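Undergrad: Residue numbers (the numbering used here): 40 to 128.
A virtual CB, placed ideally from N, CA and C, is assigned to each residue, including glycine.
Just so we're clear, the structure is a prediction, and the values are computed from it rather than from any experiment.
Supplied in structure tokens, the structure appears directly below.
Here it is as structure tokens:
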């Protein structure tokens with residue numbers, strides 16, 4: 040099973056962190072700059088770590104060249120939903 044989540048990436052942040060919301064999107068802060076997909080890859084790694092899944096379980100659905108992205112996370116839907124609820128606070 041899986042969960043699809045809208046994220047808002049903030050590249051060039053002082054530290055990498057996942058949490059909070061902006062509109063309906065989960066905020067993902069990464070230290071990487073938005074050059075050659077580095078910020079996107081850093082965001083996908085950060086999402087995987089925050090949800091406790093492997094990087095291979097997180098797939099970019101849309102927004103490769105945008106700060107607003109949609110990701111698909113494979114895993115136990117109940118656990119993923121509870122992690123998402125905690126991160127949105």
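DSSP state of residue 115, grouped into three classes?
TA: Residue 115 sits at position 76 when you count from the first residue of the chain shown. It is coil, neither helix nor strand.
Undergrad: Of all the options 45, 124, 40, which has the alpha carbon lying nearest to the alpha carbon of residue 103?
TA: Taking the chain shown and counting its residues from 1, the one referred to as residue 103 is at position 64. Minimum Cα distance to residue 103 is reached at 45.
Undergrad: What residue range does the alpha helix (DSSP H) around residue 79 cover?
TA: Position 40 of the chain shown, counted from the start, is the residue given in the question as residue 79. The continuous alpha helix (DSSP H) containing residue 79 extends over residues 77–90.
Undergrad: Do you know whose CA, among 125, 99, 107, 106, lies nearest residue 113's CA?
TA: The residue you call residue 113 lines up with position 74 of the chain shown. It is 99.
Undergrad: For residue 52, which of helix, strand or coil comes out of DSSP?
TA: Here residue 52 corresponds to residue number 13 of the chain shown, with the count starting at 1. Looking at residue 52 - three-state DSSP - the assignment turns out to be coil, as it is neither helix nor strand.
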